[in-house]
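The sequence shown runs 1 to 579 under my numbering. Note that beta-carbon positions come from the ideal geometry of N, C-alpha and C, so glycine has one too. This one's a predicted model, so the numbers in the text were calculated from it and none came from an experiment. Working notes for the structure below.
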Amino acid sequence: MYETFFGFREKPFKLTPNPAYLFLSRSHEEALAHLRYAVSEGEGFIEITGEVGTGKTTLCRVFLESLDDGAEAAYVFNPNLDAAQLLGVINEELGIDSPSDKPKDLVGALNAFLLEKKAQGKNVIIIVDEAQNLDSEVLEQLRLLSNLETATEKLLQIVLVGQPELRDKLNSYELRQLGQRITLNLSLIPLSMKETEDYIYHRIHIASRGRTVRFERAALNHIFNYSKGVPRLVNILCDRSLLAAFSMNRPRVDAEIAKIAIREMKGESAAEGFRKKIRGLMPARGLMPVFSLSALILVIAIFVFFFSRLQTPDPAIVPALPGGAAVPSPPSSSSSAGDLIPKAPDQNADGENAAYSRIEAFLRDARASDSRRGAFETVMDMWRPGDRAFISDEWENMEDERYFQAASQENGFWAHPLEWRLDLVEKLDIPAILSFYLPEAPLPVHLALTGISGGKTFLLSAGRGKSIRVGRPELELYWSGNAVILWRDFLSMTGTIPLDAPDESILILKTLLNEILEQRFELNPVYDYAVRRSVMDIQRQNGLAADGMVGSLTKIILYNMRGGFDIPRIGKGRRRPGR
């Protein structure tokens, strides 16, 4: 409908997957790299989880398309199968002719195929999508398939892909044997604010071979704040925004149009629930003649009341007036309906609105232009009290990530970016820098996270003695999803083990593991299987991707576990002194 108006060859925000529109976020790229590495190492079971709409199926397709002639793969996307049907689908996907549909014969044919491919030097991979819907019996059958092996190596690699419920299922007592065989856990997270903007313009560019329509900064902020970076929700909001802009004959998407799209999404789900309630109130056809007039009037009154409230702007996307007062809503013509159905008072509404207004006012007071400096200096002061951090004016034109990397390295630290991992920030228990976006604001505001209490209350600082304590809902209202961890490599364990690290780093790692785990790893520069398994166990216990690669986050965990280093803490609000 709006394609010609904006110069598109086709709609850019269709929900159906299209390889031409492939966009890999940092999370996808990291997961893909870990997946390829695990497959090359012959890992048995791999688990990939992510919320609805975060691109799990896209990741699977990209991985399958990247396989060379040295691999055979089966992709199972229908979870509504019993164990025998699953075996049949796997054999069919691999092109295996089975003598019968009996499980024993299907497994026998598969085993012969696997031995043949192993003799040819090929890997065989099975990817099961939507695996959270598999019955326990089917998951147990997959575990039994992993027993197909030679005297020295596995014949089959299995990748389970699903929503977070999959991890809960694999952690259950019933499936503990399967859960213990998972050698790599990967989690896909939503897009950051910057990635959301890049994603939107990437799809527009593919659909039109250029930027034919512009989303204003305020519109992008609204879309991100509502979607939280989930690609599927971003697609829906952008499609509806373009349709609204077309209907209003506007060449660009502004904040007003984005709000309309958000209200439509909220109203659609609410209206469907209302229609179901109305249908429940209506009598059977045979009783219609005796359906009282008063009851019919009541139904109409409910309908009018509901939709008059539905059209009221959402308080989450309406700016606050000075002093924290909400923008007044237009008078409703359905006051009689309100009298018929009194609304229960909301005990928490005033408190929540005040909290939202408070964090918004704090962000507006913090100057976005110099908030990076203030946040960085605050974190550095926690690491080195009284020692002024060096910040060069030459870095001011750098993008945020490069800015924090340059400032950190100049001061003897490292900066590691995170996306949507407040849980991990709390686990690492060291200060971080979070970025926030206000509607209509062109630049983000950066605040230092200097304290966390029970995962529910967060202490944020803008520097210069300005700080605010907020709850998680208030923090997430404007948070972009981006965080930067500043950390110190106390023992100079440089590089990523085993990819590009020098021999000295492997020796340091083994020394640390010997102290932490009371092991007796031989002190040589060999990163062997036993060391890697110990690293993977530590990663798994601390919520990291269990890939066996020792990068920034794993090093932070190791330094935390060993102790004895002077590290500022945010969980207890005090420094942890060296011993």
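{"Query": "Three or more C-beta pairs below 8 Å linking the region 24-35 and the region 2-16", "Result": "no"}
{"Query": "Nearest-angstrom beta carbon gap, GLY481 and MET193 [assumed within contact, 8 Å]", "Result": "6 Å"}
{"Query": "Proximity below 8 Å, CB of ALA31 to CB of LEU175", "Result": "no"}
{"Query": "Burial state of GLY44 (16 or more Cβ within 10 Å)", "Result": "buried"}
{"Query": "GLU410 versus GLU153 - alpha carbon distance", "Result": "47 Å"}
{"Query": "Counterpart residues of ALA624 in DSSP-defined beta bridges", "Result": "The chain is shown only over 1 to 579; residue 624 falls outside these bounds and no answer can be derived."}
{"Query": "Buried or exposed by the 16-neighbour rule on C-beta atoms within 10 Å, applied to ARG469", "Result": "exposed"}
{"Query": "Spatially closest choice to LYS427 from ALA406, GLN539 and PRO79, by CA coordinates", "Result": "GLN539"}
{"Query": "Local Cβ density within 10 Å of LYS102, reported as buried at 16 or more and exposed below that", "Result": "exposed"}
{"Query": "Alpha-carbon spacing of LYS11 relative to ALA207, whole angstroms", "Result": "7 Å"}
{"Query": "Coil, strand or helix - GLU72 by DSSP", "Result": "strand"}
{"Query": "ASN78, buried or exposed, once every other Cβ within 10 Å from all chains shown has been counted against 16", "Result": "exposed"}
{"Query": "Straight-line Cα distance separating GLY374 from PRO19", "Result": "42 Å"}
{"Query": "Presumed contact (8 Å Cβ cut-off) between PRO439 and PRO568, rounded CB distance", "Result": "Contact doesn't hold; Cβ gap of about 33 Å is too wide."}
{"Query": "Cβ contact (3+ pairs, closer than 8 Å) linking the region 495-511 and the region 549-565", "Result": "yes"}
{"Query": "Where MET248 falls, given that 16 or more other Cβ within 10 Å makes a residue buried", "Result": "exposed"}
{"Query": "Exposure of LYS56, with buried meaning 16 or more beta-carbon neighbours within 10 Å", "Result": "buried"}
{"Query": "N- and C-terminal bounds of the alpha helix (DSSP H) containing VAL107", "Result": "103-119"}
{"Query": "Own chain, CB closer than 7 Å to GLY53, minus 5 neighbours either side, in chain order", "Result": "VAL230, PRO231, ARG232 and LEU233"}
{"Query": "DSSP state of THR496 mapped onto helix, strand, coil", "Result": "coil"}
{"Query": "Three-state secondary structure (DSSP) of LEU184", "Result": "strand"}
{"Query": "CB contact check: ASN225 to chain C, cutoff 8 Å", "Result": "Although the question refers to chain C, the structure presented lacks it and comprises just one protein chain."}
{"Query": "Cβ-based neighbour list, PHE13, same chain, cut-off 7 Å, excluding 5 preceding and 5 following", "Result": "ARG203, ASN235, CYS238 and ASP239"}
{"Query": "Selection from GLY50, CYS60 and GLU116 that minimises the alpha carbon distance to PRO17", "Result": "CYS60"}
{"Query": "Nearest neighbour of LEU220, chosen from GLU377, TYR478 and ILE46 [CA to CA]", "Result": "TYR478"}
{"Query": "Contact set for PHE8: own chain, Cβ-Cβ below 6 Å, skip 5 residues either direction", "Result": "ALA207 and SER208"}
{"Query": "Identity of the residue in LYS510, GLY108, ALA112 and LEU35 nearest VAL161 by Cα", "Result": "LEU35"}
{"Query": "Contact set for MET380: own chain, Cβ-Cβ below 7 Å, skip 5 residues either direction", "Result": "ALA389 and ASN411"}
{"Query": "Residue environment, PHE376, which counts as buried when at least 16 other CB atoms sit within 10 Å", "Result": "buried"}
{"Query": "Straight-line Cα distance separating THR183 from GLU41", "Result": "11 Å"}
{"Query": "Under the three-state DSSP convention, the category PHE6 falls into", "Result": "helix"}
{"Query": "Burial state of ASP387, where buried means 16 or more other Cβ atoms lie within 10 Å", "Result": "exposed"}
{"Query": "Backbone CA spacing between TRP395 and ASP370 [nearest angstrom]", "Result": "12 Å"}
{"Query": "Residue of GLU256, ILE125, ASP528 and LEU449 minimising C-alpha distance to VAL76", "Result": "ILE125"}
{"Query": "Nearest-angstrom Cα separation, counted from LEU242 out to ILE127", "Result": "36 Å"}
{"Query": "C-beta atoms of THR450 and THR554 nearer than 8 Å", "Result": "no"}
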